[in-house]
Amino acid sequence: KCTCKYCESEMDKKYVYEYNLQELYYLKQEPFTITEAVWWLGGNSKTIRRICDKCFLSKGARNKKYFLK
C-alpha cells in the first residue's frame, strides 16, 4: 500500500505502477522494455516484470517490448 501526498488516500502499489507504465507508453508512443520501465518507476525489476506480463501485451522472447492491450 502507498499513500497519496495530496489527498492522503491509500492505494495498492500495483495500480500505481500500472498507471505509470501506461503513462510511459503514451509518452514514448512505442513499446517499452523492462529496463526503461525500471528507470521510469525506480522500483524492483521483478515486480515491474510481473505487472507487465499480467497487464500488457509483449513481443519478442528476449528483450521483450511491452505495449497496451
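Take the sequence shown: its position 38, counting from 1, is numbered 38 in full-length UniProt numbering, and each next residue is one higher.
In this text, a Cβ means the ideal position worked out from N, Cα and C, and glycines have one as well.
### Query
What do you reckon, are the CB atoms on V38 and I51 nearer than 7 Å?
V38 places its beta carbon 7 Å or farther from that of I51.
### Message
Judging by CA-CA distance, which residue of S45, I34 and L21 is the nearest neighbour of K61?
### Response
The identity of residue 61 in the sequence shown is Ala, whereas the question assumes Lys. Cα-wise, what sits closest to A61 is I34.
### Task
Identify the continuous beta strand (DSSP E) that holds L21 and give its terminal residues.
No beta strand (DSSP E) holds L21; the alpha helix (DSSP H) holding it covers K13 to K28.
### Query
Any idea what DSSP makes of C2, helix, strand or coil?
Assigned with DSSP and collapsed to three states, C2 falls in strand.
### Query
Expressed to the nearest angstrom, what Euclidean distance is found between the alpha-carbon atoms of C7 and K13?
If I take the Cα positions, the gap works out to 16 Å.
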